[in-house]
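Engineer: For the sequence shown, position 133 (counting from the first letter as 1) is numbered 133 according to our numbering, and the numbering increases by one without interruption. By construction, the Cβ of each residue, glycine as well, lies at the ideal position given by its N, Cα and C atoms.
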Amino acid sequence: MKDRIWFGRTSEKVIRLFIAIILLIFAGRSFNARAQTETNLYWFNGIDGSNPVFGLVQGHDGNFYGVTVGGATQDVCSGHCGTIFKISSNGSLTNLYWFSGSDGTSPSWLVQGSDGNFYGTAAYGGTNACNCGTVFRISPSGSLTTLYTFNGPPNDGAVPWAGLVQGSDGNLYGTTTAGGTNGCNCGTVFQISPGGNYTSLHSFGPDGQRPIAALVQGSDGNFYGTTQRGGRGGGGIAFRISPSGSFTNLHSFGSADGNQLVNALTQGTDGNFYGTAPNGGATGFGTVFRISPSGSFTNLHSFSGSDGYGPNSVLVQGSDGNFYGTTVGGGTNPCECGIVFRISPSGSLTTVYTFSGSDGAGPNGLVQGSDGSFYGNTYGDGNGSVFKLSVPLNPPANQISVAQVLGNDLAVSVPSVAGETYQLQFITDPACGIWSNIPGVSVTNCLGALLTLTNFGGALQPQGFYRFAITP
């Protein structure tokens, strides 16, 4: 069993001061931080795919699955139909599928469904003359089924550039950047079942145009998304839509707070949504923002160039509670090849890694793997690559970050390590006696995340000390 992390509880009168002192002690504690390491796992050569402009998803089998919008063996596409691939954490790549045109071209971000299959969209192609795109299902072994082919305006959507999200009801939800019934060819929101039963939920118009990013389902059951254009400021909107299609405009973007939104939102553990705008802000180089489910907006950071420009990927909340993302360009290297950045929920930004060209350019689409490392693609360096970035957690894993008294209860949060079990223990005097496990306050964390354990004390809870026992 590893070293314990412990803190104390005395009487209700001095609890807040005592916890503050303990947290300061933890802040000065020495931890073994891993060195930051970037590894190029695979370089595409064109035939096996090119331009992996969307991110990866880690499957249940531990491998990562992704797409390229270019590359094909089919003459009908002139080599630009796109592929679906699988890659292991050590860089072993398998091409699962080459698109041919009638089944779609330019595939987007994949999502693994509850049935174990992957679902996605292709922005163009299909069997209809409009070349409006498709929705597909593909098994982990590479068997593809076209679920729906878009018909285009005036009655249907077109160009489903964004990926899908599976809702809690089992259906898949997505957007098209064009089409719709409003006559402006402004895009739609749709629902489709895993079997291909399709429903259009909303057609955009004066309330926004070109939803080019994927949706995310919030903890309230609604879906949240953005548009690239439209709204009062012309720079796009953030919106909420229910599974039945009830639509609310939450915020209209302009040049000051960012514009031309192309990335999906991410709901943080605090319940707010975090996102990026590739343009706008104080210098025009893009922003990071926070927006509440009710629409309260905060601009967290405006990029300046040396810290990157054009944030171009969905933010991912790491197991340390911070958000990680990429920019298409900028940084301190002369090539301005882009960076990986970390930003706290309050807006403190740190450059984690700067690309130099030889290691790739134009990074995008981070995902944190079960091993704690981040995986992503680059597409500004020839045909593109897949990379792995190992980053020391900030704050270090297994360091208590939050201790909170909630009435008679005690809630503790700790950035955890994948695969470890966290057991809250209690003792009245740490100088003597045996630590006791608190029943029901144990969590095994398989992915790495910010864990919160609560001791429900009740009215007669005794004063004493608490610690975590961590295994293995």
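Counting C-beta neighbours from all protein chains within 10 Å, is the total for Ser92 16 or more, i.e. buried, or is it exposed?
Structural biologist: Ser92 comes out exposed.
Engineer: Under 8 Å by Cβ, that's how I've got Pro160 and Gly174 pegged, so tell me the actual separation to the nearest angstrom.
Structural biologist: Rounded, the Cβ-Cβ distance is 6 Å, consistent with contact.
Engineer: Less than 8 Å between the C-beta atoms of Ser319 and Leu366, yes or no?
Structural biologist: Cβ distance not < 8 Å, so Ser319 and Leu366 don't count as in contact.
Engineer: For Ser246, which residues from the same chain have a beta carbon less than 7 Å from its beta carbon, with the 5 sequence-adjacent residues on both sides left out?
Structural biologist: Excluding positions up to five away in sequence, the list is empty.
Engineer: Report buried or exposed for Asp61, applying the criterion of at least 16 other Cβ atoms within 10 angstroms of its Cβ.
Structural biologist: Exposed: under 16 other Cβ atoms inside 10 Å.
Engineer: Looking only at its own chain, which residues have a Cβ that is under 7 Å from the Cβ of Thr181, when we skip the five neighbours before and after it?
Structural biologist: The answer, listed in chain order, is Pro154, Asn155, Ser203.
Engineer: Please report the Cβ distance between Tyr65 and Lys86, rounded to the nearest whole angstrom; I am assuming they are in contact, meaning their Cβ atoms lie under 8 Å.
Structural biologist: That belief holds up - the Cβ atoms of Tyr65 and Lys86 are roughly 5 Å apart, short of 8 Å.
Engineer: For Thr177, does the three-state DSSP call read helix, strand or coil?
Structural biologist: Thr177: coil per DSSP, three-state reduction.
Engineer: Taking Tyr375 as the reference, which of Pro52, Ile47, Asn45, Gly46 has the closest Cα?
Structural biologist: If we check each option's Cα against that of Tyr375, Pro52 comes out closest.
Engineer: Once the 5 residues before and after Tyr274 are set aside, which same chain residues still bring their CB inside 6 Å of it?
Structural biologist: Counting only Cβ-Cβ distances below 6 Å, and skipping sequence neighbours, we find Thr266, Gly268, Arg290, Leu315, Phe323.
Engineer: Are the CB atoms of Ile339 and Gly330 within a distance shorter than 8 Å?
Structural biologist: Cβ atoms of Gly330 and Ile339: closer than 8 Å.
Engineer: What does the Cβ neighbour count give for Pro311, buried or exposed, with the cut at 16 atoms within 10 Å?
Structural biologist: Pro311 is buried by the Cβ-count criterion.
Engineer: Specify the secondary structure class of Tyr119 as computed by DSSP and reduced to three states.
Structural biologist: Reduced to three states, the DSSP call for Tyr119 is strand.
Engineer: Would you call Ala129 buried or exposed, if buried means 16 or more other Cβ atoms sit within 10 Å of its Cβ?
Structural biologist: It counts as exposed.
Engineer: Helix, strand or coil: which one does DSSP assign to Leu172?
Structural biologist: Looking at Leu172 - three-state DSSP - the assignment turns out to be strand.
Engineer: Helix, strand or coil for Asn90? Go by DSSP, reduced to three states.
Structural biologist: Coil.
Engineer: Whether or not the stretch 162 to 176 and the stretch 213 to 226 are in contact is what I'm after, with contact meaning three or more pairs of Cβ atoms, one per stretch, closer than 8 Å; do they touch?
Structural biologist: Segments in contact, yes.
Engineer: Between which two residues does the beta strand (DSSP E) harbouring Gly286 extend?
Structural biologist: Neither: Gly286 is in no beta strand (DSSP E) and is coded neither H nor E.
Engineer: Let me check one thing: in DSSP terms, what residues is Trp43 bridge-paired to?
Structural biologist: DSSP, once it has assigned bridges, lists Ser385 as partnering Trp43.
Engineer: With a cut-off of 8 Å, does the C-beta of Asn131 fall near any C-beta of chain C?
Structural biologist: No chain C appears in this structure, which consists of one protein chain only.
Engineer: On the criterion of 16 or more Cβ atoms from any shown chain inside 10 Å, does Ser385 qualify as buried, or is it exposed?
Structural biologist: So Ser385 ends up on the buried side.
Engineer: Give me, in chain order, the residues of the same chain whose beta-carbon lies closer than 7 Å to that of Thr177; leave out the 5 immediate sequence neighbours on both sides.
Structural biologist: So the list reads Val159, Trp161, Gly187, Arg210, Pro211, Ile212, once near-sequence residues are dropped.
Engineer: With a cut-off of 8 Å on the beta carbons, I'd call Thr227 and Arg240 a contact; round off their distance for me.
Structural biologist: That pair is no contact at about 13 Å.
Engineer: Nearest CA to the CA of Ala282: which residue from Ser294, Ser292, Gly258, Ser252?
Structural biologist: Among Ser294, Ser292, Gly258, Ser252, the Cα nearest to that of Ala282 belongs to Gly258.
Engineer: Grouping DSSP H, G and I as helix and E and B as strand, with all else coil, what is Phe54?
Structural biologist: Coil.
Engineer: Please go through the stretch 302 to 389 and give each complete alpha helix (DSSP H) segment of 4 or more residues, from N-terminal end onward.
Structural biologist: None, since the stretch 302 to 389 contains no complete alpha helix (DSSP H) of that length.
Engineer: Going by DSSP, which residues form a beta bridge with Leu424?
Structural biologist: Answer by DSSP bridge pairing, in chain order: Phe468.
Engineer: So Gly208 packs on Gly230, CB below 8 Å; how close in whole Å?
Structural biologist: Confirmed, about 4 Å.
Engineer: May I have the straight-line CA-CA distance separating Gly271 from Asn279, to the nearest angstrom?
Structural biologist: The alpha-carbon atoms of Gly271 and Asn279 are separated by roughly 25 Å.
Engineer: Please confirm whether Leu261 and Gly284 have their CB atoms less than 8 Å apart.
Structural biologist: Not closer than 8 Å, so no.
Engineer: For Ser358, which option in Phe387, Pro345, Thr350 has the closest C-alpha, if you only look at C-alpha atoms?
Structural biologist: Nearest option by C-alpha distance: Phe387.
Engineer: Among residues of its own chain, excluding the 5 on either side of Val352, which ones have a beta-carbon nearer than 8 Å to its beta-carbon?
Structural biologist: Closer than 8 Å at the Cβ level, and outside the excluded window around Val352, lie Gln36, Tyr324, Ile339, Val340, Phe341, Arg342, Leu389, Val391.
Engineer: Would you say Gly104 and Gly126 are within 8 Å of each other, going by their C-beta atoms?
Structural biologist: Their beta carbons are under 8 Å apart, which means Gly104 touches Gly126 by this criterion.
Engineer: Checking 8 Å against the spacing of the C-beta atoms, do Gly362 and Cys335 come in under that value?
Structural biologist: No; because the gap between Cβ atoms is not below 8 Å, this pair is not in contact.
Engineer: So, is Pro206 buried or exposed, given that buried needs 16 or more other C-beta atoms within 10 angstroms?
Structural biologist: The residue in question, Pro206, is exposed, as its Cβ has fewer than 16 Cβ neighbours within 10 Å.
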